[in-house]
Each structure stands twice: as structure tokens, then as C-alpha cells.
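Here the structure is laid out as C-alpha cells; the discussion comes afterwards.
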Amino acid sequence: MRSKLVAGNWKSNGNLSSNAALLQALKDKVISQNAEVIICPPAVYMVSVATDLEDSKIGVGAQNCSAYDAGAYTGEVTAEMLRDTGASAVIVGHSERRLIFSESNADIAHKVERVVGAGLKPILCIGETLEEREAGQAEAVCLSQLDYVISKVQLNDSWVIAYEPVWAIGTGKTASAADAQAMHKVLRDYLQKTCGDVAGQVKILYGGSVKPSNAKELFEQADIDGALVGGASLSAEDFVAIIDAASN
Ligand code: PGA
Numbered sequence: 010m011r012s013k014l015v016a017g018n019w020k021s022n023g024n025l026s027s028n029a030a031l032l033q034a035l036k037d038k039v040i041s042q043n044a045e046v047i048i049c050p051p052a053v054y055m056v057s058v059a060t061d062l063e064d065s066k067i068g069v070g071a072q073n074c075s076a077y078d079a080g081a082y083t084g085e086v087t088a089e090m091l092r093d094t095g096a097s098a099v100i101v102g103h104s105e106r107r108l109i110f111s112e113s114n115a116d117i118a119h120k121v122e123r124v125v126g127a128g129l130k131p132i133l134c135i136g137e138t139l140e141e142r143e144a145g146q147a148e149a150v151c152l153s154q155l156d157y158v159i160s161k162v163q164l165n166d167s168w169v170i171a172y173e174p175v176w177a178i179g180t181g182k183t184a185s186a187a188d189a190q191a192m193h194k195v196l197r198d199y200l201q202k203t204c205g206d207v208a209g210q211v212k213i214l215y216g217g218s219v220k221p222s223n224a225k226e227l228f229e230q231a232d233i234d235g236a237l238v239g240g241a242s243l244s245a246e247d248f249v250a251i252i253d254a255a256s257n
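And the structure:
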């Protein structure tokens, strides 16, 4: 059976003192839950967050990485550097990167290749916009985003896929548990068909306004293996309630 994973995406939020307070509150409460927990701070805080969490049950991930290895790429942070500073996972292809920073499927595949090459776990985000959903294109869009990457980089059991409908991110709107499960099943069946039995080990997270009030029902679905949590990961109380829901 796949264990649950709850990943907190802090996005561009926090500072040294607010991070320390949030991490202390989490360390006090994330002690014996079964779910795996990862916090993804801004890269500049990776070292301090990883150091702070060294003796805890909580792991650390990054929100993005360079599509290149080390070299003359001003401003870029490589997957190797993220591993060196404490990351075990990297979010790739978040819809904010696709839409605000114009990342293409090709960019995303290069990044996943770097993440896997550095021995880290990719958390590959896919998801449709509201317009695409209303046009009946949700499955086709998600499958084409997924297919592009798995046709370039070989899937292995460390991969995490995050289904994040764009219209549900930061909006307070969540896909119903049944709609989310339906999409997760489509994704897993596709992975099974194209990559074989490794599909049974790949975790598929749901993301988009996950909060304590909807987490339990989402986590009860057969193909929902946890959550990628944005806003609610900035509140220790809410994030712990979501971790608890994943652990029961
Ligand atoms: P949200 O963000 O939980 O604030 O909707 C999720 C995400 O962007 O990963």
C-alpha cells in the first residue's frame, strides 16, 4: 500500500523569524503521525529550514530548480545545490511557474531530468484551467502535460505527481473528492498503461485549497495519496490538522 505524503508549499512567503516560529510549532506537533511530511520553503531559506528540521520527522523540498547543471546561468539554483543544502524533493511545473513564468512542458521535462539526476524526488504538478475544464478538456490537458514528461524521463517509484486544478489554487474552491478521485484514477491508469507496474507505487497528490475541513474526504479516496498544500501550510494549526487527517 502507498503511504500518504503531505507537502507544504510556502511559495514566496516567510522570513527568518516567521519561519522559525512556524517550524517550532510544527516540530512540537508532528511527532508520531504515519504520513510523510515535507516542507518546501523558498530556496534561500533551504539551509536554515533543513538545519532546523534535522532532528525532526519533517523533510525539506524545493519549489523549483534550474533546467541546467552548474555553469554560467546567472540567478539559477541547480538541483544538485538543492540536494547539497538539504532538499530531498523538488516541486516542478507548478501552475504558477507555467502561467506566470511561461514554463513550457519542455522546460519542465528538463527540470525533472535534473531532479532525478541529482537523486531527488520530483513532485511534478499538472492541472487544467477553468476554461479547459468547462470545455471538457480537463483529462486531455492533464494527460498531455504528464505524457510529455514521462516520454522524456523514465518514471520511477520515487516520483510524485500532484494534480492541481488551476481554478482551485488559492481560490478557496476545491475539486469535489469524487472529481479529484476520478482524475487521479485516469492518471494512474495512464501511468500503468505507459510505464507498467511502477504506476502502483507512484504517489498522486491532490492540490488546490486543501484545508482541514476537506482533507479527510479527499484522503479517503483510493487514488489520492496525500496533498500539496499552499495557503494552509503557513498555519501550523491547519497544516497539522491536514497531516493528522492523512495519518488516520
Ligand atoms: P493552495 O495552493 O493550497 O493555497 O490552493 C496549492 C498549491 O499551489 O500548491
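If you use the working numbering, the sequence shown corresponds to residues 10 to 257, in order. Cβ atoms here follow ideal geometry from the backbone N, Cα and C, with glycine treated the same way.
Anticipated Cβ contact below 8 Å, residue 132 with residue 101, distance rounded: 7 Å
Sequence ranges, alpha helix (DSSP H) only - wholly within the stretch 19-95, length at least 4: 25-38, 55-61, 88-93
Stretch pair the stretch 238-249 + the stretch 193-205: three plus CB contacts closer than 8 Å: With a cut-off of 8 Å on Cβ pairs, the stretch 238-249 is not in contact with the stretch 193-205, counting fewer than three such pairs.
Spatial distance of residue 224 from residue 80 (CA atoms): 42 Å
Inter-residue Cα distance where the pair is residue 178 and residue 136: 10 Å
The stretch 138-157 touching the stretch 84-96, judged by at least three CB pairs closer than 8 Å: no
Simplified DSSP assignment, three categories, for residue 209: helix
Beta-carbon contacts of residue 34 that lie in its chain and below 7 Å, excluding the five residues immediately before and after: 245
CB contact flag (residue 22, residue 49, <8 Å): no
Which of helix, strand or coil DSSP assigns to residue 16: strand
Alpha helix (DSSP H) runs wholly inside the stretch 126-203, at least 4 long, in chain order: 139-143, 147-161
Endpoints, beta strand (DSSP E) assigned at residue 237: Run containing residue 237: 235-238, per the beta strand (DSSP E) assignment.
Cα-Cα separation between residue 116 and residue 82, rounded to whole angstroms: 15 Å
Cβ-heavy atom distance, residue 193 to the ligand PGA, below 7 Å: no
beta-carbon residue 178 near the ligand PGA non-hydrogen atom, thresh 7 Å: yes
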